[in-house]
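For reference, the structure is listed below as structure tokens.
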Amino acid sequence: AQHNDMPFEDLKSLLDLVAVSTACDIVPVIGENRVLCQLGLERLNHKPRPGIRAMLEMANVKRALDVTDLVFILGPRINAAGRIEHGQQAVELLLAADMAQAEELGKRVDRSNTERQGLDKEITAQALEMIEQDPVSREAFSTVLFDPSWHKGVIGIVASRLIEQHYRPTIVLTESQGKVAGSARSVKGFDVYKAIEACAHLVDQFGGHMYAAGLTMQKENVQAFKEAFEAEVARTILPEQCIPEEDVDVEIDLGLITPSFLNAVAHMAPFGPGNMKPVFLTRGLQADASTSRVVGDGHLKLAVRQDTSQPYIDAIAFRQAQHMELLRSGEAFSMLYTVEWNEWNGRRSIQLNVKDIKPGTKGLLVEERARQEEAELEDHS
Numbered sequence: 025a026q027h028n029d030m031p032f033e034d035l036k037s038l039l040d041l042v043a044v045s046t047a048c049d050i051v052p053v054i055g056e057n058r059v060l061c062q063l064g065l066e067r068l069n070h071k072p073r074p075g076i077r078a079m080l081e082m083a084n085v086k087r088a089l090d091v092t093d094l095v096f097i098l099g100p101r102i103n104a105a106g107r108i109e110h111g112q113q114a115v116e117l118l119l120a121a122d123m124a125q126a127e128e129l130g131k132r133v134d135r136s137n138t139e140r141q142g143l144d145k146e147i148t149a150q151a152l153e154m155i156e157q158d159p160v161s162r163e164a165f166s167t168v169l170f171d172p173s174w175h176k177g178v179i180g181i182v183a184s185r186l187i188e189q190h191y192r193p194t195i196v197l198t199e200s201q202g203k204v205a206g207s208a209r210s211v212k213g214f215d216v217y218k219a220i221e222a223c224a225h226l227v228d229q230f231g232g233h234m235y236a237a238g239l240t241m242q243k244e245n246v247q248a249f250k251e252a253f254e255a256e257v258a259r260t261i262l263p264e265q266c267i268p269e270e271d272v273d274v275e276i277d278l279g280l281i282t283p284s285f286l287n288a289v290a291h292m293a294p295f296g297p298g299n300m301k302p303v304f305l306t307r308g309l310q311a312d313a314s315t316s317r318v319v320g321d322g323h324l325k326l327a328v329r330q331d332t333s334q335p336y337i338d339a340i341a342f343r344q345a346q347h348m349e350l351l352r353s354g355e356a357f358s359m360l361y362t363v364e365w366n367e368w369n370g371r372r373s374i375q376l377n378v379k380d381i382k383p384g385t386k387g388l389l390v391e392e393r394a395r396q397e398e399a400e401l402e403d404h405s
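Residues in the sequence shown are numbered consecutively from 25, following our numbering.
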């Protein structure tokens with residue numbers, strides 16, 4: 025702006041796009057980025073442009089937005105256009121001058137996102153089945169899977185999904201324009217780019233960084249690459265890098281979680297890379313077995329309390345339906361979570377966003393969700 029003699033007032037209308045791009049590109053929300061995100065969120069919440077309004081209406085979102093919403097509601101729709109059809113659709117949507125145009129473009133982008141979600145789910149299921157059917161793959165230090173029919177636009181998302189079930193460096197390959205194209209994702213502390221570099225003689229092109237990379241190769245090299253990559257990972261990965269874990273900010277009693285507590289946490293927003301939401305640990309919890317249930321695509325809705333004198337607090341555990349048996353057993357458990365407001369049908373209530381659950385009250389080993397989000401957000405659903 026300074027170089028082009030543009031007055032700052034003329035740039036205010038672009039702050040919403042600055043916030044969206046900062047959030048979806050996983051830029052650290054610190055320093056000037058923190059200020060720009062905050063100003064952008066204020067504009068999004070008070071005067072959203074037609075294209076963003078259209079996407080929010082499609083997603084049935086009527087509450088105030090935060091950085092997480094930009095990443096998980098707007099980001100997937102913007103990305104889906106380029107993955108399924110053409111990125112120009114998303115550009116036209118964001119630049120739409122009126123709601124009629126925005127609504128029409130928004131429907132197309134939303135259809136692309138729905139198609140992308142279906143492909144993501146279908147291909148992930150196929151990939152997990154491939155691992156389960158192969159004893160060697162089940163016990164390997166890495167995952168490398170190839171299917172020429174898989175859609176190139178979602179293989180990065182699928183790689184991230186596989187790490188949720190099989191925690192290890194993962195590469196998903198498909199056929200594209202006569203070559204094999206792949207997307208790699210890694211686990212905390214392991215440099216997947218260097219591991220691919222060690223197999224460069226089998227690869228045509230590759231690029232990326234420590235936690236995510238893309239590559240192409242000839243079809244006849246797939247098996248040799250799979251073996252070479254597995255050997256390199258087995259040689260270099262450390263034992264502690266094979267165990268998913270996440271830092272806990274503080275252990276607290278559930279009774280501390282009140283509206284005032286949430287308001288105090290909110291003063292630290294906007295949250296994002298470099299300023300993540302505080303993660304809390306509480307032990308000795310019990311769930312209301314009568315209301316615990318699986319909803320949506322394997323998500324777990326539950327209500328928890330620490331002793332019988334306390335009211336239950338609602339919680340949501342995304343893609344963690346495997347804990348249902350524990351909740352119904354009545355056994356005490358430990359839980360790792362962040363806190364948030366949940367707004368639904370005009371009602372505002374406290375909600376815990378569950379990172380992991382483990383039986384008992386002595387120690388907690390948890391899924392490493394924050395790292396995975398950073399690795400996959402460029403193509404998250």
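Glycine is no exception: its CB is placed at the ideal position from the N, C-alpha and C atoms.
Inter-residue distance for Q334 and K301 is about 25 Å (C-alpha atoms, whole angstroms).
Taking the C-beta atoms as reference points, L309 is found nearer than 8 Å to L278.
Between the beta-carbon of V133 and that of R101 there is about 5 Å, and that keeps the pair under the 8 Å contact cut. For T138, the three-state secondary structure derived from DSSP is helix.
Looking only at Q201, H190 and E128, the smallest Cα-Cα distance to T167 is reached by H190.
Looking from the CA of G111, the closest CA among P72, G177, R58 and S200 belongs to G177. G231: member of the beta strand (DSSP E) spanning Q229 to G232, first to last residue. Scanning the region 237 to 278 from its first residue to its last, the whole alpha helix (DSSP H) runs of 4-plus residues come out as 246 to 260. In the DSSP assignment, D40 falls within the unbroken alpha helix (DSSP H) covering L39 to C48.
The beta carbon of V42 is closer than 7 Å to those of L60 and G64 in its chain, skipping five residues each way along the sequence. R73 sits close to D40, with the two beta carbons spaced by under 8 Å. The continuous beta strand (DSSP E) containing K379 extends over residues R371 to P383.
By the neighbour-count criterion, in which a residue is buried when 16 or more other Cβ atoms sit within 10 angstroms of its Cβ, D331 is exposed.
Judged by pairs of C-beta atoms under 8 Å, the region 90 to 108 touches the region 284 to 302, as three or more such pairs exist.
CA-to-CA, the gap between S284 and G130 works out to about 38 Å. By alpha-carbon distance to C48, the top candidate from K71, I97, H70 and I54 is I97. For M359, no alpha helix (DSSP H) segment is defined; the enclosing uninterrupted segment is the beta strand (DSSP E) at F357 to W368. Listed in chain order, the non-local C-beta contacts of V272 below 7 Å within the same chain comprise V303, L305 and L360, local neighbours out to five positions each way being set aside. Using a C-beta cut-off of 8 Å, the region 187 to 201 makes contact with the region 159 to 174, since at least three inter-stretch Cβ pairs fall below that distance. With at least 16 other beta carbons inside 10 angstroms of its own, N137 counts as buried.
For T194, DSSP records a beta bridge to T167 and R209. Between A208 and A236 a beta carbon distance of about 6 Å is seen, short of the 8 Å cut, so the two are scored as contacting. Bounds of the beta strand (DSSP E) holding F304 are F304 to A311.
For G64, the three-state secondary structure derived from DSSP is helix.
The beta carbon of E256 sits closer than 7 Å to the beta carbons of A219, A222 and C223 from its chain, once the five residues preceding and following it are set aside; these are given in chain order. The closest CA to that of K243, considering only G55, L169 and V44, is found on L169. Contact between the region 147 to 158 and the region 115 to 131 is absent: fewer than 3 CB-CB pairs across the two stretches fall below 8 Å. If you draw a straight line from the Cα of K71 to the Cα of G322, it is about 35 Å long. Residue pairing of I281 in beta bridges, as defined by DSSP: absent, with no partner found. CA-CA distance, C266 to D215, rounds to 13 Å.
At the C-beta level, R135 and E367 stay beyond 8 Å of one another.
Residues T167, A183, L186, I187 and R209 of the same chain have their beta carbon placed closer than 6 Å to that of T194, with the five preceding and five following residues left out of the count. Selection I381, G384, G370 and V378 evaluated against V85 yields G370 as nearest (Cα-Cα). According to DSSP, residue pairing for D29 in a beta bridge does not occur.
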